[in-house]
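Below: the structure, in structure tokens.
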DNA sequence: ACCCCTGTGACAGCGCTGTGACAGTCGGAG
DNA sequence: CTCCGACTGTCACAGCGCTGTCACAGGGGT
């Protein structure tokens with residue numbers, strides 16, 4: 002059903018989950034440390050990662066953050082603790098779901114399927130923002146039914162904004178997501194791209210209704226109403 | 002768009018969904034109980050079933066299992082509950098997708114289309130893209146009725162593209178699908194093959210209407226209109 | 001042995017993209 | 001209300017990244 006990477010240091014748990022997930026029809030590869038996991042991720046490109054939080058060396062949160070720097074694939078965090086603080090830190094590190102141990106293979110499998118479906122939906126369904134329709138599968142954007150010719154960067158920017166509708170994204174975040182930069186040396190890079198995108202997307206680029214400026218922060222994609 | 006059977010006991014929900022799906026262009030028949038639904042299924046042979054879990058008499062899971070004993074048609078389960086256990090039982094009963102109520106007609110429509118697409122992809126029928134007809138069974142491609150002499154690689158490329166019509170595929174993905182490579186060492190391999198394919202398939206290879214370039218991504222097979 | 005397919009590298013053209021300067025705008029402080 | 005500073009919008013331009021194209025050589029099949 003899916004190609005999973007399981008990162009878990011406890012051998013008993015790892016083996017049990019691997020068997021459970023394999024029995025549910027998934028293809029599973031495993032790693033015992035964060036480093037090994039990241040290496041396997043690069044080499045094998047799994048569809049989804051199941052990641053223990055308590056790991057020797059770099060912990061699960063850090064692994065999560067590192068993965069998110071370059072990859073968009075779904076991550077399910079696994080932990081023995083159930084405090085809220087963990088959930089918050091986990092989701093802030095970029096995880097898609099959170100499962101508390103002890104967990105049964107069947108339940109984990111259900112979460113895996115749920116996250117995969119969510120991912121499919123987000124990545125493939127059309128998103129609508131007023132007159133704008135974003136078809137993530139075709140990688141096209143239409144306005145009032147007509148095709149918009151967006152450049153690759155404009156398209157990536159719009160896609161990232163549309164993945165978090167109504168949420169303000171800082172220039173810093175956008176640089177990481179769209180440009181994969183880490184430094185922000187006071188440049189008008191993001192603004193310039195937003196301007197070009199607005200020119201194509203907005204009815205009146207000078208008073209944007211979709212891509213709103215959040216002063217002191219960055220930008221946000223709104224859907225009218 | 003599709004011929005649907007909706008099985009739902011609550012009259013308000015049934016009517017609302019029926020209207021919503023009809024408005025989206027589907028032909029819809031309805032049943033209020035599992036028994037009636039199974040009877041309608043045998044009599045009318047719909048393309049897809051939308052099935053409520055909570056039904057008087059035999060419940061949705063059981064209906065699902067009974068359908069699966071004899072039929073392969075897609076099933077979307079509908080439920081008010083969102084617990085994991087439901088999802089697990091649902092998918093194990095043989096459902097193709099799972100939607101949690103309350104659901105809007107538009108959302109359900111998106112799922113219906115997604116499930117239908119998934120099914121189409123596996124079909125072996127002939128596919129038509131403008132003047133091009135791809136016969137997957139005979140493994141032949143004709144243009145305006147005349148046979149095209151495609152090389153094996155060109156044919157595989159066209160088949161993979163046509164299995165995902167309208168969907169942009171990256172060079173990376175195409176390499177995996179057509180060439181079964183994993184590495185993409187900045188080569189013009191995909192481009193060159195696309196060029197050769199275009200030369201045979203397109204009316205005007207220099208301004209392709211079928212195999213479109215998606216700048217920054219890869220290629221996409223469109224059917225005109 | 002021959003031929004056609006296939007992968008590769010080179011190359012050119014196009015247009016995207018980043019940059020810096022400057023103008024315009026907003027909001028807070030006085 | 002006014003002013004000021006900080007933040008954002010806008011623009012033109014130069015560089016270069018991306019894609020289309022082509023010729024060629026190796027290899028596999030006939």
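Chains as they are written, first to last, in our numbering: chain A, 2 to 226; chain B, 2 to 226.
Beta carbons: idealized from backbone N, C-alpha and C, even for Gly.
Here the structure is a predicted model, which is why all the values come from computation and not from measurement.
Residue environment: residue 12 of chain B is assigned as exposed (fewer than 16 neighbouring CB atoms within 10 Å of its CB, all protein chains considered). Under DSSP, residue 32 of chain B shares a beta bridge with B:8. A Cβ-Cβ contact shorter than 8 Å links residue 201 of chain B with residue 149 of chain B. Inter-residue distance for residue 219 of chain B and residue 64 of chain B is about 43 Å (C-alpha atoms, whole angstroms). Taking the Cα positions, residue 78 of chain A is about 17 Å away from residue 58 of chain A. Membership of residue 162 of chain B in any beta strand (DSSP E) is not indicated; the residue belongs instead to the alpha helix (DSSP H) covering 153 to 164. Straight through space, the alpha carbons of residue 61 of chain B and residue 130 of chain A are spaced by roughly 35 Å. Under the three-state reduction of DSSP, residue 104 of chain A is assigned to coil, being neither helix nor strand. DSSP links residue 76 of chain B through a beta bridge to B:50. One finds nothing in chain B with a Cβ atom closer than 9 Å to the Cβ of residue 160 of chain A; even the nearest lies about 11 Å away.
Ranked by Cα distance from residue 25 of chain A, the first of A:154, A:134, A:106, A:175 is A:106. Interface annotation for the segment 131 to 143 of chain A against chain B: 138, 139, 140, criterion Cβ-Cβ distance under 7 Å.
In this structure, the straight-line span from the alpha carbon of residue 196 of chain B to that of residue 163 of chain A is close to 33 Å.
In this structure residue 151 of chain A does not touch residue 22 of chain A by the C-beta definition: roughly 39 Å separates them, more than the 8 Å allowed. Of all residues in the segment 19 to 30 of chain B, none comes within less than 9 Å of chain A when Cβ atoms are compared. Contacts with chain A (Cβ-Cβ distance below 7 Å) from the segment 210 to 223 of chain B involve 215, 216, 217, 218, 221, listed in chain order. Taken atom to atom, the span from the alpha-carbon of residue 39 of chain B to that of residue 115 of chain A is near 28 Å. Taking 8 Å as the upper bound for CB-CB distance, residue 213 of chain B and residue 223 of chain B are in contact here, some 5 Å apart.
Within chain A, no C-beta atom comes less than 7 Å from the C-beta of residue 150 of chain B; the nearest is roughly 29 Å away. Boundaries of the alpha helix (DSSP H) harbouring residue 193 of chain A: 190 to 202, taken from the DSSP string. Among the residues of chain A, those whose CB is under 7 Å from the CB of residue 168 of chain B are 138, 139, following chain order.
Per the DSSP secondary-structure output, residue 98 of chain A pairs in a beta bridge with A:77. If you draw a straight line from the Cα of residue 146 of chain A to the Cα of residue 140 of chain B, it is about 35 Å long.
Relative to the Cα of residue 173 of chain B, the nearest Cα in the group B:182, B:33, B:166, B:165 belongs to B:182. For residue 206 of chain A, no chain B residue has a Cβ inside 8 Å of its Cβ, as the nearest lies near 22 Å away. A Cβ-Cβ contact shorter than 8 Å links residue 133 of chain B with residue 211 of chain B. Here residue 97 of chain B has 75, 76, 116 as same chain residues with Cβ atoms under 6 Å from its own Cβ, once five neighbours each way along the sequence are excluded. Against chain B, the beta carbon of residue 153 of chain A has neighbours under 8 Å at 216, 217, 218, listed in chain order. Using a 10 angstroms sphere on the CB of residue 221 of chain B, the tally of other CB atoms reaches 16 or more, which defines it as buried.
Rounded to the nearest angstrom, the gap between the Cα atoms of residue 143 of chain B and residue 165 of chain B is 19 Å. Put simply, the CB of residue 156 of chain A is near chain B, with a gap under 8 Å to one of its CB atoms. Taking 8 Å as the cut-off, the beta carbon of residue 48 of chain A is found closer than this to the beta carbon of residue 5 of chain A. Counting C-beta atoms within 10 angstroms of its own C-beta, residue 53 of chain A has 16 or more neighbours from the protein chains shown and is therefore classed as buried. Beta-bridge annotation (DSSP): residue 134 of chain B is paired with B:129, B:143.
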